[in-house]
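Asks: I have a structure I would like to understand better, so I am pasting it below and will then ask my questions one at a time.
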Amino acid sequence: MNWMFLKLTDRDPVLNGSLFLEDEIRFNLLHLICGSPDALRIKNCSNELIFAQTPGFNPWLWVAPGLSEEREDELLRKLAEQVRPHDFPGVSADYRIAETFARYYAESRGFKHEPYMILEAYACPEVKSPSDVGGVIERANSRHTEMIAAYLAAFSKEVFNVSPQPNEVYKAATAAIGTGGLYLWQEGGETVSIARIAHRTARHARINDVYTVPGARKKGYASAIVAALSDYCLRDGLTPMLYADAKNPDSNKVYQSIGFVGAGRIADVRFKQ
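Numbering (our numbering), first residue to last: 141 to 413.
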């Protein structure tokens, strides 16, 4: 490996360093990726950069704030050279960082790059629970597997315009239920909304897979279930956080109304031949 870059080790101290902690909420997903033995995990020798990728997904790229433009550009240019042999669908990072890395990497591979999505990172230091929302929360179990699979497939199609294979989404539902972190909001004997505590780190708990069935929307169910899960996280001493599509005003409004505060944006840039 190039002298400038090193393999990021398990429980690498860079993930608890003061520079990364300034951006930890926005780059929370790096904790999960860097904990995977199958991931490509790179840092530079000065702990100013983290680049990590789960096979098949975008690598996430963090660069320490406050670097000079020259230093930042040098790091990204040399990183693109370092990882040129690898195939990536895109890159997720701060917008400027993502664009610069994407330009160098795409040029070296003969690709083009284009913006795909902007994610808004949120954290909730204090929950503002909604009032007058009917229903109760329940932890999902194995008898809910087929229903959860259908909801996850609908979520994937609606948010990402991707229709997963039935066996894949069934396996995903089984795994999500098995973690004990997937919850349902029940009203009148029907499951109207779901959400999941997907991953916990030393300081945060990430919530995702928030989905309300189309006929039950605008009734506060998503607010209620996310607020309840956020309460669980805070009681465990963890600050809840999540990512939302910046172009979806409804979901952003829901999260803001129950106490989530913006912590910065992540740009998802994709490559194409």
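We treat Cβ as the ideally placed atom computed from N, Cα and C, and that holds for glycine. Source: prediction; values computed, not measured.
Measure from the alpha carbon of ASN168 to the alpha carbon of each residue in TYR383, ASP376 and ALA335, then state which is nearest.
Replies: The sequence position of residue 168 within the sequence shown is 28, counting from 1. Per the Cα distances, TYR383.
Asks: What's the call for HIS344, buried or exposed, on a 16-neighbour Cβ count within 10 Å?
Replies: The residue labelled residue 344 in the question sits at position 204 within the sequence shown. Classification of HIS344: buried, given that the 10 Å Cβ count is 16 or more.
Asks: Within 8 Å, do at least three Cβ pairs link the segment 388-396 to the segment 370-380?
Replies: no
Asks: Span of the alpha helix (DSSP H) holding VAL366?
Replies: In the sequence shown, the residue the question calls residue 366 occupies position 226. Start and end: 361-375.
Asks: Quick check: what's the CA-CA separation for THR379 versus GLY250?
Replies: Start at 1 with the first residue of the sequence shown, and residue 379 comes out as number 239. Start at 1 with the first residue of the sequence shown, and residue 250 comes out as number 110. The alpha-carbon atoms of THR379 and GLY250 are separated by roughly 42 Å.
Asks: According to the neighbour-count rule (16 or more other Cβ atoms, all chains shown, within 10 Å of its Cβ), is LYS358 buried or exposed?
Replies: In the sequence shown, the residue the question calls residue 358 occupies position 218. Per the 10 Å Cβ criterion, exposed.
Asks: In whole angstroms, give me the CA-to-CA distance for GLY97 and TYR310.
Replies: Residue coverage of the chain in this structure runs from 141 to 413, which leaves residue 97 outside it and unanswerable.
Asks: Starting from the N-terminal side, write out each stretch of the alpha helix (DSSP H) that is 4 residues or longer and does not extend beyond the segment 222-287.
Replies: The DSSP assignment places 235-249 as complete runs of the alpha helix (DSSP H) inside the segment 222-287, in order along the chain (cut-off: 4 residues).
Asks: Would you mind working out which of ARG243, ILE334 and ILE317 sits nearest TRP325, comparing C-alpha positions?
Replies: Against the sequence shown, residue 325 aligns to sequence position 185. Answer by Cα proximity: ILE334.
Asks: If I measure Cβ to Cβ from ASP349 and keep anything under 8 Å in the same chain, skipping five residues before and after, which residues do I get?
Replies: For the purposes of this step, residue 349 is taken as the residue at position 209 of the sequence shown. If we look at ASP349 and ignore the five residues flanking it on each side, its Cβ neighbours are LEU292, PHE295, ALA316, LEU322, ILE334, ALA335, ARG336 and ALA338.
Asks: For MET141, count the other beta carbons within 10 Å of its own beta carbon; 16 or more makes it buried, fewer makes it exposed. Which is it?
Replies: Reading the sequence shown from its first residue, position 1 is the one you call residue 141. Unreliable placement is indicated for MET141, whose pLDDT of 48 sits below 50; the coordinate value is still reported in the next sentence. Its Cβ having fewer than 16 others within 10 Å, MET141 is exposed.
Asks: Distance, Cα to Cα, PRO229 vs ASN187?
Replies: By one-based count along the sequence shown, residue 229 stands at place 89. By one-based count along the sequence shown, residue 187 stands at place 47. Between PRO229 and ASN187, the C-alpha separation is close to 25 Å.
Asks: In this structure, what does DSSP give as the bridge partners for LYS311?
Replies: By 1-based counting over the sequence shown, the position of residue 311 is 171. The partner list for LYS311 (beta bridge, DSSP) is empty, contrary to what the question assumes.
Asks: Taking the alpha carbon of GLY274 as the reference point, which residue from TYR262, GLU330 and SER248 has its own alpha carbon closest?
Replies: Counted from its first residue, the sequence shown places residue 274 at position 134. Of the listed residues, the one whose Cα sits closest to GLY274 is GLU330.
Asks: Under 8 Å: do the segment 234-249 and the segment 399-408 share three or more Cβ pairs, one atom per stretch?
Replies: yes
Asks: Within 10 angstroms of the Cβ of ASN184, are there 16 or more other Cβ atoms? Answer buried if so, exposed if not.
Replies: Here residue 184 refers to the residue found at position 44 of the sequence shown. By the C-beta density criterion, ASN184 is buried, having at least 16 other C-beta atoms within 10 angstroms.
Asks: Is the beta carbon of TYR244 less than 8 Å from the beta carbon of ALA280?
Replies: Looking up residue 244 in the sequence shown gives position 104. Looking up residue 280 in the sequence shown gives position 140. No, the pair does not count as a contact, with Cβ atoms beyond the cut-off.
Asks: Ordered along the chain, which non-local residues of its own chain (more than five positions away) have a Cβ less than 7 Å from that of THR352?
Replies: For the purposes of this step, residue 352 is taken as the residue at position 212 of the sequence shown. VAL332, SER333, TYR361 and ALA362, listed in sequence order.
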